[in-house]
Amino acid sequence: MASTTPTQIDTAPPVSRSKGSTGRAGDKIFAALSKGSGILLLVIMASIAAFLTYRATIALSKNEGNFLTTFDWNASANPPVFGIAVLLFGTVVSSIIAMVIAVPIAVGIALFISHYAPRKLAAPLAYVVDLLAAVPSIIYGIWGALFLVPQLAGLNLWLDEYLGWTYVFDKTQIGVARSLFTVGILLAIMILPIVTSVSREVFLQVPRMNEEAALALGATRWEVIRISVLPFGRSGVISASMLGLGRALGETMAVATVLSPSFLISFHVLNPGGGTFAQNIAAKFDEANEFGRDALIASGLVLFLLTLLVNGAARLIIARRKDFSGANA
Amino acid sequence: MKLQRKSMLRASALGALVVSGALVLTACGSDDNTKNTDGTTKPSAAAAGDIKCDDAKGKLLASGSSAQKNAVELWVKNYMAACPGVEVNYKSSSSGEGIVAFNQGTVGFAGSDSALKPEQVEESKKICTGGQGINLPMVGGPVALGFNIAGVEKLNLDAATIANIFNDKIKKWDDEAIKKLNPGVTLPSTAIQAFHRSDDSGTTENVTKYLKAAAPDAWPHEAAKKWAAPGGQAASGSAGVAAQVKQVDGSIGYFELSFASSQGIKTVDLNTGAAAPVAATGENASKAIAAAKIAGTGSDLALKLDYTTKAEGAYPLVLVTYEVVCDKGNKAETLPTVKSFLNYTASDAGQKVLLENGYAPIPAEINAKVREAVSKLG
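Top to bottom, those sequences are chains A and B. Counted from 1, the first sequence has number 154 at position 154 by UniProt numbering; the numbering is strictly sequential. Counted from 1, the second sequence has number 367 at position 367 by UniProt numbering; the numbering is strictly sequential.
Written out as structure tokens, the structure reads:
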């Protein structure tokens with residue numbers, strides 16, 4: 001008798017007696033299901049990575065050029081010569097331009113919606129910004145090629161004239177603005193909604209007490225934002241930016257439609273030319289032979305690694321900043 | 001109140017979705033050039049009686065070149081109307097993809113802008129038991145050089161000048177070389193913006209083959225699907241290049257004639273050395289293809305085009321697309337359909353469809369050999 005009593009307590013906790021409960025069996029099934037899903041995800045990821053690595057190895061073993069430094073992509077030729085230098089450069093530069101433009105604007109919109117706008121305006125505005133995310137990227141591409149590119153001619157001339165001394169904005173080649181700079185602007189518009197909506201959520205989470213305390217000390221609205229909202233939201237804004245960066249790095253159709261690709265590295269961002277991983281895959285996939293596709297897969301693997309690196313770095317930054325923000329107050 | 005506002009927002013969201021959805025659909029339809037400039041579709045030329053269905057049955061899959069997409073679509077429509085119960089499905093992707101599918105044995109025939117390469121023929125022997133892949137020239141067409149120069153209606157160029165323009169050697173429209181070819185035309189000093197394809201393309205290969213053959217001194221690059229010359233700007237697909245030419249003043253670019261006629265883009269007349277410059281039309285392209293020699297052996301009818309022809313009214317910047325099939329060892333279940341369908345496309349009625357739609361028929365002499373090869377398919 002004495003030995004059965006503890007077992008009874010274990011098997012029949014009071015919670016499981018409530019109406020509608022499935023008892024211990026439900027727990028077990030659910031645990032198994034979620035464990036299974038977790039493992040399945042890992043298996044899928046591992047097999048994708050294995051497949052990509054396998055195909056990439058085939059391509060890399062026959063590459064006559066240097067995969068890291070060759071400025072050319074001739075993977076379907078015999079012998080194949082291809083390298084990712086230009087693609088890596090273009091991907092990183094266009095994403096940096098996009099981040100530089102998008103993040104301040106997104107934070108501004110988020111602050112306006114969460115702290116300045118009258119309530120009647122805030123909700124619709126948030127909704128409109130989120131709607132930008134629902135527009136398919138090919139639409140951005142068409143809009144970019146037919147509207148944005150001709151419109152940017154004036155801005156490019158202006159930048160060339162007044163900021164040409166920076167080297168970066170020196171436009172040395174004639175031609176319409178099918179450049180990395182234009183791509184950056186387009187990507188900035190495309191990542192605005194994700195950065196804005198996550199930042200807005202974070203700014204709304206700022207403890208009321210922090211803000212009220214600041215107000216009680218006589219802070220103006222801007223000072224409230226500066227001393228309580230921004231420090232509290234910093235890690236959130238960083239993770240939001242990284243989400244946006246993820247989209248910018250991998251954007252395909254919009255870039256392929258707007259950019260005039262070339263296999264040259266140039267810091268003159270107003271000149272037409274450059275290329276990104278995803279754009280190159282979209283452009284070359286159709287006519288590539290089997291080997292050419294393996295080469296494209298190899299370049300895709302590099303993009304995959306780049307995205308992993310960026311996300312990892314973001315995690316590190318957030319983990320380090322957490323102690324100083326209000327997140328654990 | 002709050003509920004109402006929410007549902008209104010939802011409605012507007014739905015509206016936005018519908019609008020963007022419609023845009024996507026229009027975008028997909030943009031490469032449909034079967035319509036004439038006046039917006040009407042011409043009636044198909046073939047009466048059902050011309051098409052022999054023979055033992056054709058079931059489903060025939062095919063894939064390949066998008067350059068012949070519009071022609072094949074019309075053929076398929078006429079053919080399926082005449083032979084109920086047969087389904088021909090041509091997936092217009094690209095020449096490269098078509099040949100890969102053919103050599104994997106998943107399609108009955110492939111469409112390709114360029115003839116099979118030796119290694120591709122080797123590979124095809126695995127699929128065609130006892131035979132090999134052969135090229136049957138089926139659709140011809142002019143590649144137009146579209147231009148957009150304010151105030152200029154007509155422009156004559158020769159191969160060397162075109163090569164120098166795309167090679168970034170000639171930079172302004174009022175260059176002496178261009179002026180000399182266009183007496184009496186006032187050319188502005190606008191900078192030339194030359195557009196080429198950013199994706200690998202059979203059209204690029206044909207243009208560079210032409211430049212390499214007709215202006216070897218001015219065009220040092222190898223003919224290839226990938227654009228090799230420096231300078232200029234790139235756009236994706238024929239539609240992309242045509243859109244840029246239409247939009248940018250001082251531009252020139254190359255694409256199939258149908259893209260020029262459907263968008264009202266002016267095209268360059270070629271100065272071939274004939275008495276008068278030749279315009280890009282289906283008839284003129286046919287005349288140039290007539291000067292081609294057959295480079296293949298046996299049933300293989302791969303053509304060697306004569307890009308330097310000086311024949312009157314022959315437009316040498318042409319593209320010939322092939323149907324790639326097995327000469328022997330075709331799959332038993334698709335062979336009757338392949339034979340009967342290609343029989344129709346190579347017939348007079350089938351070739352007539354081409355001329356009505358901005359393509360060029362294959363000249364009679366070569367066409368007769370195509371028919372013979374089709375009848376021998378096994």
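Think of the CB as a built atom: it goes at the ideal place given N, C-alpha and C, for glycine as much as any other residue.
Ranked by how close their Cα comes to the Cα of Val-139/B, the residues Lys-376/B, Tyr-359/B, Glu-372/B, Ala-364/B have Tyr-359/B in first place.
Rounded to whole angstroms, the separation of the alpha carbons of Thr-208/B and Glu-222/B is 7 Å. Straight-line spacing of the CA atoms in Glu-312/B and Ala-235/B works out to 34 Å. Under the 10 Å beta carbon count, Trp-173/B is surrounded by 16 or more other beta carbons and is classified as buried. Leaving aside the five residues that flank Glu-64/A on each side, the residues in its chain whose CB is nearer than 7 Å to its CB run, in chain order, Pro-79, Pro-80, Val-81. Pairing Leu-180/A with Val-320/B, the inter-Cα distance amounts to about 36 Å. At a beta-carbon threshold of 9 Å, none of the residues of chain B lie near Leu-87/A; the nearest stands roughly 13 Å away. Chain B places a beta carbon closer than 7 Å to that of Asp-286/A, counting this residue as a contact. In the same chain as Ala-150/B, and ignoring 5 residues on each side of it, the C-beta atoms closer than 6 Å to its own belong to Asp-249, in chain order. Among the residues facing chain A, Lys-225/B is included, as its CB has a counterpart in that chain under 7 Å away. Taking Cys-83/B as the centre and dropping the five residues before and after it, the same chain places the C-beta of Cys-53, Ala-56 closer than 6 Å to its C-beta, in chain order.
The secondary-structure analysis by DSSP pairs Asn-148/B across a beta bridge with Ser-251/B. Beta-bridge partners of Asn-78/B (DSSP): none assigned. Look at Pro-80/A: its C-beta is not under 7 Å from any C-beta on chain B. For Ser-235/A, there is no enclosing beta strand (DSSP E); the residue is part of the alpha helix (DSSP H) that begins and ends at 230-250. Pro-118/B is classed as exposed because its beta carbon has fewer than 16 other beta carbons within 10 Å across all chains shown. Between Ile-174/A and chain B, the shortest Cβ-Cβ separation is below 7 Å. Membership of Tyr-307/B in any beta strand (DSSP E) is not indicated, and neither H nor E is assigned to it by DSSP. Of all residues in the segment 286-300 of chain A, only Asp-286, Glu-287, Ala-288, Asn-289, Glu-290 come within less than 7 Å of chain B when Cβ atoms are compared, listed by chain position. Scanning the segment 169-236 of chain A for uninterrupted beta strand (DSSP E) segments of 3 residues or longer gives nothing; none is fully contained. Look at the segment 105-122 of chain A: it has no residue with a C-beta under 8 Å from a C-beta of chain B. Residue pairing for Asn-135/B: DSSP places it in a beta bridge opposite Val-324/B. Around the beta carbon of Thr-345/B, a 10 Å sphere encloses 16 or more other beta carbons of the protein chains shown; the residue is thus reported as buried. Beta bridge pairing from DSSP links His-196/B with Ala-234/B. Taking every protein chain shown into account, the CB of Gln-233/B has 16 or more other CB atoms within 10 angstroms, so this residue is buried. When the five nearest sequence neighbours on each side are left out, the beta carbons in the same chain lying within less than 6 Å of the beta carbon of Asp-294/A are those of Arg-55, Ile-58, Ala-59, in order along the chain.
Around Ile-138/A, the same chain offers Met-253, Ala-254, Thr-257 as residues with beta carbons nearer than 8 Å, after the five sequence neighbours per side are excluded.
If only uninterrupted alpha helix (DSSP H) runs of at least 4 residues are considered, those enclosed by the segment 52-108 of chain B are 69-82, 95-103.
Closer than 7 Å at the C-beta level to chain A, one finds these residues of the segment 190-201 of chain B: Ala-191, Gln-193, Ser-198, Asp-199, Asp-200, Ser-201. Proximity of chain A to Val-100/B at the Cβ level (cut-off 7 Å) is accounted for by Asn-289, Glu-290, in chain order. Taking CB atoms only, Ala-283/A has a neighbour in chain B less than 7 Å away. In this structure, Thr-129/B places its C-beta atom within 7 Å of the C-beta atom of Gly-329/B.
Contacts with chain A at 7 Å (Cβ-Cβ) do not include Gly-253/B. Using a CB distance cut-off of 7 Å, Ser-92/B does not count as an interface residue toward chain A.
Going by C-alpha positions, Thr-309/B is about 39 Å away from Gln-279/A.
Residues Ser-95, Met-99, Val-310 of the same chain have their beta carbon placed closer than 7 Å to that of Leu-245/A, with the five preceding and five following residues left out of the count.
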